[in-house]
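Asker:
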Amino acid sequence: MRATRAIVAAGLFALLVAAASTQQLPLKHDPELLTRGPVRIDTVKDGLFVVRGPFLPCGTRGCTPNSGDDGLIHEPGDVAVRVTPEGLILVDDKYPENVADVLARVKTISTRPVRYLLNSHHHGDHVSGNATVRRELGIDIIGHRNIRENFLRIKQPGEPNITFADQAAIHLGGVEVQLLHLGRGHTNGDTVTYFPDLKTIHMGDLVIDGMPVIDYAGGGSAIEFVSTIDNMLTIDFDTAIPGHGRVMTRDEVRAYRARFAELNTRMRDLARRGVPKTAIATLEQARAQLKLADLGWDNTVSTTAWLRNIGAHYDELASAR
Ligand SMILES: [Zn+2]
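Final position of the sequence shown in my numbering is 1266; the numbers increase by one with none missing.
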């Protein structure tokens, strides 16, 4: 009897240890395997779609002098399309050369007019199509005031003509769409678009299927990034469209947050141990010193983009000691 109880207790203990270790380390993530291909539409939920692609080698614009072949397939930002009885609402529009494709694909979802264009942040792979959309459709473009300022700062045409500070909402055809600025992270203008009736969010580059990129020139912050994702996790959602990649679950967003917090801890520990930032300047050094493979971030579509700002990432964590 006693032996049986001991075996049961031992089994229970093993189960508890297993549960604790899976909870502590929801870190490793296998990115989606992409293949080269054109722009396409995926259904997210009834009335909500995502336009993905084109899927190209080298970078989000294909192979250019600035983006050589890294062996991975890249795509410009994920565009969300919300259908309402009175027309469509788009989140982002990719590059100017993608706009015709995007709008043609959108017409296959619904022939109702596109009424509003929302912006997740100012980066060209997400919204440099703005000026083309405005010229083609003559619609209002809504974005956080820092998105507009970043457009003007980098002299990118097509800046939003309607801005907000913390949040805004659009009511169209009985559908509410919320725009929420929850803090700095990837940039200082990151906006989460919330579709409350569908419990779905579009996250811009706050969460992507790849390593997080911190655009310091665009007002980003690695430390605030994590708290901004925490703010996002207070929203009642079960489905999340990332800035790049496949649609995610809430648990995947929570795991991403955990990986990012762990990355920041490792970076801070390097600084505390006196490892200079020159020791993490190359991809090989960064992979080894920060154990990026543990996080599944050693070879993602955005690892080399993250590496460009690694000095600033190190400085931010070093000065936060
Ligand atoms: Zn971006």
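The C-beta atom is built at its ideal place from N, Cα and C for all residues, glycine as well.
What residues sit near ligand 1, counting only those whose C-beta is closer than 5 Å to one of its heavy atoms, in chain order?
Answerer: Cβ atoms closer than 5 Å to ligand 1 belong to His1068 and Asp1150.
Asker: Can you tell me which of Val1246, Gly1074, Lys1039 and Tyr1161 puts its alpha carbon nearest to the alpha carbon of Gly1256?
Answerer: Tyr1161
Asker: Can you give me the start and stop residues for the beta strand (DSSP E) that Lys1222 sits inside?
Answerer: Here Lys1222 belongs to no beta strand (DSSP E), and DSSP marks it neither H nor E.
Asker: Using 9 Å as the threshold, is the C-beta distance between Glu1031 and Arg997 below it?
Answerer: no
Asker: Excluding the 5 residues flanking Ile1180 on each side, which residues of the same chain have their C-beta closer than 8 Å to its C-beta?
Answerer: Same-chain partners within the cutoff: Leu1125, Val1137, Tyr1139 and Ile1146.
Asker: Mind checking who Asp987 pairs with in its DSSP beta bridge?
Answerer: Val995
Asker: How would you write the range of the alpha helix (DSSP H) that Val1152 sits in, first residue to last?
Answerer: From DSSP, Val1152 is part of no alpha helix (DSSP H); its letter is neither H nor E.
Asker: Look up Ser1166 in the DSSP assignment and say whether it is helix, strand or coil.
Answerer: Annotated three-state conformation of Ser1166 is coil, per DSSP.
Asker: For the alpha helix (DSSP H) that Arg1213 lies in, which residues bound it at each end?
Answerer: Arg1195 to Arg1217
Asker: Does Glu977 come out as helix, strand or coil in the three-state DSSP assignment?
Answerer: coil
Asker: Rounded to the nearest angstrom, how far is the Cβ of Asn1106 from that of Ile1092, given a contact under 8 Å?
Answerer: Actually they are not in contact, since the Cβ atoms of Asn1106 and Ile1092 sit about 11 Å apart, beyond 8 Å.
Asker: Can you tell me the Cα-Cα spacing of Ser966 and Ala1200, whole angstroms?
Answerer: Here Ser966 scores only 39 on pLDDT, less than 50, and its place in the model should not be relied on; the value that follows carries that caveat. Approximately 14 Å between the Cα atoms of the pair.
Asker: Under DSSP, the beta strand (DSSP E) around Leu1035 begins and ends at which residues?
Answerer: Gly1032 to Val1036
Asker: What does the alpha-carbon distance come out to for the pair Leu1048 and Asp1135?
Answerer: 24 Å
Asker: What does the alpha-carbon distance come out to for the pair Met1156 and Pro1221?
Answerer: When rounded, the distance between both Cα atoms is 22 Å.
Asker: Have a look at Asp1154 and Arg1218 and give me their C-alpha separation to the nearest angstrom.
Answerer: 31 Å
Asker: Runs of 3 residues minimum, wholly inside the segment 1114-1150: which ones carry the beta strand (DSSP E) assignment?
Answerer: You should have 1120-1125, 1137-1140 and 1145-1147.
Asker: What residue from Leu1001, Ile986 and Leu1262 has the CA that sits closest to Leu1017's CA?
Answerer: Leu1001
Asker: Closest by CA to Glu1042, which one among Asp1070, Leu1228 and Glu1104?
Answerer: The candidate whose alpha carbon is nearest that of Glu1042 is Asp1070.
Asker: Could you pull the DSSP bridge partners for Arg907 from this structure?
Answerer: Any answer about residue 907 is impossible in this case: the structure gives the chain only from 946 up to 1266.
Asker: Would you mind listing the beta strand (DSSP E) stretches within the segment 1069-1098 that are 3+ residues and don't spill past its ends, in chain order?
Answerer: 1085-1089
Asker: Rounding to the nearest angstrom, what Cα-Cα distance links Leu1215 and Tyr1259 in this structure?
Answerer: 8 Å
Asker: Along the chain, where does the beta strand (DSSP E) containing Tyr1061 start, and where does it finish?
Answerer: Val1059 to Leu1063
Asker: Do you know how far the Cα of Gly1163 is from the Cα of Thr1132?
Answerer: 5 Å
Asker: The beta strand (DSSP E) that contains Ile921, what's its start and end?
Answerer: Only positions 946 to 1266 of the chain appear in this structure, which leaves residue 921 out of reach.
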